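In this note's numbering, the protein residues as written are 5 to 424.
Beta carbons are placed, not taken as given, at the ideal position from N, Cα and C, and that holds for glycine.
All of these numbers come straight from a predicted model, not from anything done at the bench.
Report on the structure given below.
Written out as C-alpha cells, the structure reads:
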C-alpha cells in the first residue's frame, strides 16, 4: 500500500497544496486517475489539515487536491486567527497584564492568538464524516493525524482504519483509534505559545494537546504501522542543504530569529532525521538474509521525498508587508519582519500573495519531476498484502525506491529503511 505523509509548517503548507494539485493533474493527463492513489494518509500540524481535506473529499483525491488549492489560493490571516486591530490589541493587553500584574490578578493567557476563525473554516470546508465512509467502502485503508500531549508528554497518533489495524505503542508514542474530528485537527496544528492547546478526551482521561510536530521523533512511523510499503513525503523544508539565510547574520540573534530556529526544529528537522535513519538502517538490513528479516519483523518500504527547490524563507521576505498591520507592529518589535526573522514569518504569513507563490513553487517542483512521481505511484498505489501492525511491529526496510526528485531531494533518495 502507498502512503502519503504531509509534514507541518503553518502557512508553509500551501506548498503541499501545489504539489498535490500537480500530482492530480499528472494522473488525470495520463488517463489513470484512481479515486485514491494513496491508501494511507498521515499528517501533522498544518499537514494534518491538508490530509483531512484529501481524505474527506467525497469524490476522492483529485477533488480534495483541487479544493485545497482553492482554499490556500485565497487565504487570509483572519481565516486562521483573530487578526483585526481590536482583537490583536486585546490579546497583547492580556499578555502585558499577565506579565506585569499576573501575580496579583492570577491571569494566565492560554496563547497569543485566538484560532476560533480556523475552527469555523474547518467546520465549513471539511466533511470529516466522509473519511470513515471511504474506509468502510475500502477506498481508503487508514487516515492518521498526530498531536502532542502537554498532560503526559506523549506523542499521540489519532487514526481511523479498518478493524484489523491494531493500536500500537512505543516509548512516549501511542496510537489511538478514533473518528477524526475538527478538534483533533485544531490540536494537531496548535503551534506552541502562538495557538491555544485543545482539550480532548483520550480513553478515560482528558489531555491538553498541542502541535503534532512537537515530539514526533519518527514522522514515518505511523504510516508504517498502518501497513505502508511505500511512502511519498511532501515536506515544507528545503532538505539537507540549509537555507542561505542561516549563516548570513553574525550579530546577536533577534527573538524572531530564535523563535524561527525553534519552530524549524519542530517542523522541519525530524523528517530529515527520519530519512537519514531510514537510510542507515537499510544499510545494515541489506546484510541480513530473508529468514533473518522475517524473524526480526522487517518489511520493505520504498520512499520518495518532495520538498521545496527554493528556500521558503526567501519567499516570505518578499511578502513580509502582507502581514496584518497590527500583527506586523507587535511581532515587528521582535524582528519578525526583518530578513533574519524570515523563518518565523514564513509560518505565520497566511496571506494569499505568499500562499499563491508557494502553490506555484509546489506545482513547479512536482511537474519538473513528473516521470519519477508517476512511476512511483504507478508501482506502489495498488493495495499490498495484509499489513503487519500492532504493538510488536519492528523495524522496516526498503531495499529499493524510486529516484529522488532532482538536486533538492537530498542524499538519501535511494535504498531506504526505517524503524517504526
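| query | Does DSSP put residue 51 in a helix, in a strand, or in coil? | reply | helix
| Three-state class that DSSP yields for residue 161 in the structure shown | strand
| Using a Cβ-Cβ cut-off of 6 Å (strictly less than) and excluding sequence neighbours within five positions of residue 64, which residues of its own chain qualify? | 39, 40
| task | Can you check DSSP and say which residues form a bridge with residue 1? | result | Examination of residue 1 is not possible in this model, given that the chain is present from 5 through 424 alone.
| said: Does residue 218 pass the burial test, meaning 16 or more other C-beta atoms within 10 Å, or should it be called exposed? | reply: buried
| task | Take the Cβ of residue 325 as the centre, count every other Cβ of all protein chains shown within 10 Å, and call the residue buried at 16 or more, exposed below. | result | exposed
| request: Closer than 8 Å by C-beta to residue 129: which residues in its own chain qualify, once you throw out the five before and the five after it? Chain order, please. | output: 57, 71, 75
| field | Length-filtered (4 minimum) alpha helix (DSSP H) runs lying within the region 12-42 | value | 18-33
| said: Pull the bridge partners of residue 8 from the DSSP assignment, please. | reply: 45, 236
| Enclosing beta strand (DSSP E) for residue 211 [first to last residue] | 209-214
| query | According to DSSP, which residues form a beta bridge with residue 151? | reply | 160
| query | Do residue 236 and residue 2 come within 8 Å of each other at the CB atom, strictly closer than that value? | reply | The displayed coordinates of the chain run from 5 to 424. Any statement about residue 2 would go beyond what the structure contains.
| message | So, for residue 186: in the same chain, excluding its five sequence neighbours on each side, which residues have a beta-carbon less than 8 Å away from its beta-carbon? | response | 123, 126, 127, 130, 132
| said: On the CB-based measure, 16 or more other CB atoms within 10 Å of its CB, does residue 137 come out buried or exposed? | reply: exposed
| message | Tell me which residues share the same chain as residue 151 and place their Cβ nearer than 6 Å to its Cβ, disregarding the 5 neighbours each side in the sequence. | response | 160, 191, 192, 213, 216
| query | Grouping DSSP H, G and I as helix and E and B as strand, with all else coil, what is residue 203? | reply | strand
| task | Could you have a look at residue 383 and say whether DSSP puts it in helix, strand or coil? | result | helix
| query | Where do the N-terminal and C-terminal ends of the alpha helix (DSSP H) with residue 426 fall, by residue? | reply | The shown model of the chain, from 5 to 424, leaves out residue 426, and the question about it has no answer.
| Cβ shell of residue 87 (< 7 Å), same chain only, five flanking positions each side left out | 81, 328, 331
| query | In this structure, does DSSP put residue 171 in helix, strand or coil? | reply | coil
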